[in-house]
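In order, the protein sequences belong to chains S and X.
For the record, in the first sequence the residue sitting at position 171 is 171 according to the numbering used here, with numbers rising by one throughout.
With positions in the second sequence counted from 1, the corresponding number in the numbering used here is that position plus 1000.
For each residue, glycine too, the CB sits at the ideal point set by N, CA and C.
For clarity, every value in this text was computed on a predicted model and none was experimentally measured.
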Amino acid sequence: MSFLTVLYACVFYAATVIFVGGLVAKIRCYARTPAPLKIPTTPAPTTTGGVVLRMAREVALFESLFKSNKWIWLFGWLFHVSLLLVIVRHLRYFTEPVWFWVAMAQPFGTYAGFAMVAGLGGLWARRFLVDRVRYISTPSDHLILLLLIGIGTSGLGMRFVNHTDIVGVKNFFLGLMTFNLQPLPSDPALLVHLSLVALLMVIFPISKLLHAPGVFFSPTRNQTDDSRERRHLAPWAVKFDAASGSKSE
Amino acid sequence: MAAPQFEVPKLTGNIEVPAVKEGAAAHIKSFPANAGIQEIIGFPGGSEPGELIDGWHDKAIAKMGDLLGRYRSLRVFMDACVHCGACTDKCHYFIGTGDPKNMPVARQELMRSVYRRHFTFAGKYFPSLVGAKDLTKELVEDWYKYYYQCSECRRCSVFCPYGIDTAEVTMAGREILDTIGYGQKYTNEIMGKLHKIGNNLGLPGPALQDTLEGLEEDILDATGVAVKLPLDVKGAEVLLITPSADFFAEPHVESLMGYGKVFHASGTSWTLSSKASEAGNFGMFIGSYENTRRAAMRIREAALELGVKRIVVGECGHAWRVAYSFWNTLIGVGAGGTDPFSIELQKQLDPRYPAPQHICEFTNDLIKQGKLKFDKSLNDHRVVTFHDSCNVARGSRMGDIPGGQFIIPREVIKAVVNNYYDMAEETIGESTFCCGGGGGILTDDLLEIRVKGALPRMEALNNVVQDHKVNFLALICAICKAQFNKVVPFYGFDMSMVGGVHQLVSTAILLEKEEE
Chain S
1 MSFLTVLYAC VFYAATVIFV GGLVAKIRCY ARTPAPLKIP TTPAPTTTGG VVLRMAREVA
61 LFESLFKSNK WIWLFGWLFH VSLLLVIVRH LRYFTEPVWF WVAMAQPFGT YAGFAMVAGL
121 GGLWARRFLV DRVRYISTPS DHLILLLLIG IGTSGLGMRF VNHTDIVGVK NFFLGLMTFN
181 LQPLPSDPAL LVHLSLVALL MVIFPISKLL HAPGVFFSPT RNQTDDSRER RHLAPWAVKF
241 DAASGSKSE
Chain X
1001 MAAPQFEVPK LTGNIEVPAV KEGAAAHIKS FPANAGIQEI IGFPGGSEPG ELIDGWHDKA
1061 IAKMGDLLGR YRSLRVFMDA CVHCGACTDK CHYFIGTGDP KNMPVARQEL MRSVYRRHFT
1121 FAGKYFPSLV GAKDLTKELV EDWYKYYYQC SECRRCSVFC PYGIDTAEVT MAGREILDTI
1181 GYGQKYTNEI MGKLHKIGNN LGLPGPALQD TLEGLEEDIL DATGVAVKLP LDVKGAEVLL
1241 ITPSADFFAE PHVESLMGYG KVFHASGTSW TLSSKASEAG NFGMFIGSYE NTRRAAMRIR
1301 EAALELGVKR IVVGECGHAW RVAYSFWNTL IGVGAGGTDP FSIELQKQLD PRYPAPQHIC
1361 EFTNDLIKQG KLKFDKSLND HRVVTFHDSC NVARGSRMGD IPGGQFIIPR EVIKAVVNNY
1421 YDMAEETIGE STFCCGGGGG ILTDDLLEIR VKGALPRMEA LNNVVQDHKV NFLALICAIC
1481 KAQFNKVVPF YGFDMSMVGG VHQLVSTAIL LEKEEE
């Protein structure tokens, strides 16, 4: 087994552990931190079903962003939907036989790569062109965009310019999943692509990419507007009731 | 009006997004609280106002850790922002000043940079890469300035794709500042008066009694009808909790007389309370759960002592947010609680009505039932528009359906006036612009930011003044009333155009004269 294969196998095992472990830890932290007061941004749904719908619109359509700024919405939504299609398409490298809906998504996923990079380009351009966004951009904001663009372009390169040994790549990943190492092709574009993906997985739980799980825990979006009908009390606030009875002082 | 020491923005007919002007509002800073003021509300103070206490750095970081563990909002909001820029043009203080630290994301970033440094892996090991910063005295100074240039209006939270609410960050920032001795004089002094005396003005019971008797005489003189403004009446059906400004400030008292007339005309027995003579609750402004709860407890106690069946809240924006959204949690005013604390009050309150109820809900119900008679033509000298107060619009509700807080006050207004026009849609409803004086900003030492922060609202108002000759800005918030009263003259409007919704009700309502 080549050094390269072993190295990349280790990198992906480590990246997966960090990605999954980090996200689980963060999600547990969000879930366990109480929201002591009712703070939905109103008008808000008055039922749980309404909240599910609000959250679905937020996650699938970026409703609030649409209200806010059509350019950010266009580039951001384009990027995220394209990324979803690209990821679905990539499932074919981890499944044998390939699921039918993954096969169906194949042509869309292929061209979504271009849309994804275009969306990222638009988002990045705003960081230079809009003075307000320029002011708030940190080096990591630029680098994360660069990282995603690097992943996109190296992938597109392998699909449309210089084909890699895709059968070999699939064997490598199927092997990883069954702890049965198979050789990894040593195409430079592939190695760049995979390195960047591993890096993305590693930084996911320690960066602003936490907006993905975070949005589901945002109290202004996930709370029902029912404060007059239901009493909402955080565990740490229960002691105040007992201490005061009906008197405050 | 004395000439201002700053340039008042010119009205252009459009709400324009300014270019970034770094430091444009860096000279605007409210007076800090002294140690005496701090201690009354349970916080330490340095030897001079604004001087940090010993060990301030570690205490600030420890407090941040405490809040991160107690508030999911703060925890999630510190992580989730991607610096997309959606909020950058949404804050009225940014629109009015161009200072980039008044962009919601940058205001949050003052805290987020410290959060990253102390509570995240990336910020501990790669601080400059992710914009992590140590909490220095200079940064504390920026916190104080810019967390008191936020009115906690939540407009940014409407537009954030993750619902990040800068008000939550501002509240946490203020609580941390209070913990290290750096409180604001205006807010904290008022908080202390509320705890000690029962209202923000420090008006004791006998003075309140006198004031109310004077107002009763005024109503009698004007209408020939003996409308009562009762105080501390045991067994009354309704307890009215209203901002103390309603007792003496103009135009606030006009609305108080309006409430009194509505109660009188509908034959509802009601009372004010000298113990709970304040709807306002500045505890929310400083993010202090304990102070907010302690202040609200007076209302629970008054309700229990007076044996009332219903609790109605007067025209006050943040008070309605506290009442509607927080009272059930804090003091058990509301339904659904199954613990002894909640049940004690639920047994007493009439379950046929929501608790608490907004005065506009109360009046609108009576209008719908045909129990009030109006002569709308008495308001014909007025052309009215309505300003949605931020805390009502984005932090609460009225009625049964989402958005009822936009419908019900307008229904009340349209029942009593003939000439009504809304301001531009993107400046009302959930997108409403703050008056510029809410959230602990309503102090003369912050006049410049109040005037500049009012700019987008003034633009929208000016457009309906030009197009429809609007001459009355109807409000349901004591702070909005005081703020606009002070600020509209800077933009060339007459302060007499500022008034309350129940002021309009008061003008048009027909009272039956008793037989002599």
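Provide the residue span of the alpha helix (DSSP H) that contains residue i, from first to last.
i	result
THR1427 (chain X)	First-last for THR1427 (chain X): undefined, no H or E at that position.
GLN1209 (chain X)	1205-1223
GLY48 (chain S)	At residue 48 (chain S) the sequence reads Thr, which differs from the Gly that was named. Unbroken alpha helix (DSSP H) run through THR48 (chain S): 48-61.
LEU176 (chain S)	166-177
PHE217 (chain S)	Where PHE217 (chain S) is concerned, there is no enclosing alpha helix (DSSP H), given that its DSSP letter is neither H nor E.
ALA9 (chain S)	3-32
PHE1159 (chain X)	1155-1159
LEU1461 (chain X)	1455-1468
VAL117 (chain S)	100-129
ILE1028 (chain X)	Neither: ILE1028 (chain X) is in no alpha helix (DSSP H) and is coded neither H nor E.
Over what stretch of residues does the beta strand (DSSP E) that includes residue i continue unbroken?
i	result
GLY1173 (chain X)	Where GLY1173 (chain X) is concerned, there is no enclosing beta strand (DSSP E), although the alpha helix (DSSP H) it sits in stretches over 1166-1179.
PHE1472 (chain X)	1472-1475
GLY1500 (chain X)	1498-1500
VAL1333 (chain X)	Segment: none, VAL1333 (chain X) is in no beta strand (DSSP E) and carries neither H nor E.
PHE1386 (chain X)	1384-1386
Go ahead and pull the three-state DSSP assignment for residue i.
i	result
HIS232 (chain S)	coil
LEU1011 (chain X)	coil
ILE149 (chain S)	helix
LEU1194 (chain X)	helix
HIS193 (chain S)	helix
LEU78 (chain S)	helix
LYS247 (chain S)	In this predicted model, LYS247 (chain S) has a pLDDT of only 46, less than 50, meaning its place in the structure is not dependable; the value taken from the coordinates is given anyway. DSSP places LYS247 (chain S) in coil when its eight states are reduced to three.
PHE1043 (chain X)	coil
VAL1322 (chain X)	helix
GLN1346 (chain X)	helix
PHE1341 (chain X)	helix
TYR1420 (chain X)	strand
ILE1509 (chain X)	strand
GLN1503 (chain X)	helix
LEU1231 (chain X)	strand
HIS163 (chain S)	coil
VAL1392 (chain X)	helix
PHE1374 (chain X)	strand
HIS1358 (chain X)	strand
VAL1312 (chain X)	strand
GLN1483 (chain X)	helix
Kindly list the residues whose CB is nearer than 7 Å to the CB of residue i, restricted to its own chain and excluding five residues on each side of it in sequence; keep chain order.
i	result
SER1396 (chain X)	TRP1320, ARG1321, TYR1324, SER1325, GLN1405
LYS1513 (chain X)	GLY1224, VAL1225
SER248 (chain S)	Bear in mind that the predicted position of SER248 (chain S) carries a pLDDT of just 42, short of 50, making it too unreliable to give a figure here.
TRP1327 (chain X)	ALA1296, VAL1333, GLY1334, PRO1356
GLU63 (chain S)	ARG57
PRO1204 (chain X)	ILE1197
GLY1055 (chain X)	none
PHE12 (chain S)	LEU176, ALA198
ILE1428 (chain X)	ASP1388, ASP1422
Less than 8 Å between C-beta atoms, sequence neighbours within five positions excluded: which residues of the same chain meet that for residue i?
i	result
ALA992 (chain X)	Residue 992 (chain X) is absent from the model: chain X starts at 1001 and stops at 1516.
GLU1411 (chain X)	ASN1364, ILE1367
LYS26 (chain S)	PRO205, LEU210, PRO213
HIS142 (chain S)	TRP124, ARG127
CYS1087 (chain X)	MET1103, PRO1104, VAL1105, CYS1156, PHE1159, CYS1160, ILE1164, THR1166
PRO34 (chain S)	ALA234, PRO235, TRP236
Can you tell me whether residue i sits near the ligand SAM, meaning its C-beta is under 8 Å from at least one heavy atom of the ligand?
i	result
LEU4 (chain S)	The ligand SAM is not part of the structure shown, which contains no ligands of any sort.
Whose C-beta lies closer than 6 Å to the C-beta of residue i among residues of the same chain, with five residues either side of it excluded?
i	result
LEU190 (chain S)	THR164
PHE1006 (chain X)	GLU1448
LEU1446 (chain X)	SER1030
LEU91 (chain S)	VAL102
Original post:
If you measure beta-carbon to beta-carbon, which residues of the segment 125-140 of chain S are closer than 9 Å to chain X?
Top reply: ARG126, ARG127, VAL130, ASP131, ARG132, VAL133, ARG134, TYR135, ILE136, SER137, THR138, PRO139, SER140
Original post:
Of all the alpha helix (DSSP H) runs that stay within the bounds of the segment 1239-1310 of chain X, which reach a length of 4 or more residues?
Top reply: 1252-1266, 1289-1306
**OP:** Report the residue ranges of all alpha helix (DSSP H) runs contained in full by the segment 1069-1149 of chain X; include only those spanning at least 4 residues, in chain order.
**Re:** 1072-1080, 1092-1097, 1104-1119, 1121-1125, 1127-1130, 1137-1147
Original post:
According to a CB-to-CB cut-off of less than 9 Å, which residues of the segment 1068-1099 of chain X neighbour chain S?
Top reply: LEU1068, GLY1069, ARG1070, TYR1071, ARG1072, SER1073, LEU1074, ARG1075, VAL1076, PHE1077, ASP1079, ALA1080, CYS1081, VAL1082, HIS1083, CYS1084, GLY1085, ALA1086, CYS1087, THR1088, ASP1089, LYS1090, PHE1094
**OP:** Report the residues of the segment 208-228 of chain S with a CB closer than 7 Å to any CB of chain X, ordered along the chain.
**Re:** LYS208, LEU210, HIS211, GLY214, VAL215, PHE217, SER218, PRO219, THR220, ARG221, ASP225, SER227, ARG228
Subject >> Within 7 Å of chain X by C-beta, residues of the segment 67-79 of chain S in sequence order >> reply: LYS67, SER68, ASN69, ILE72, GLY76
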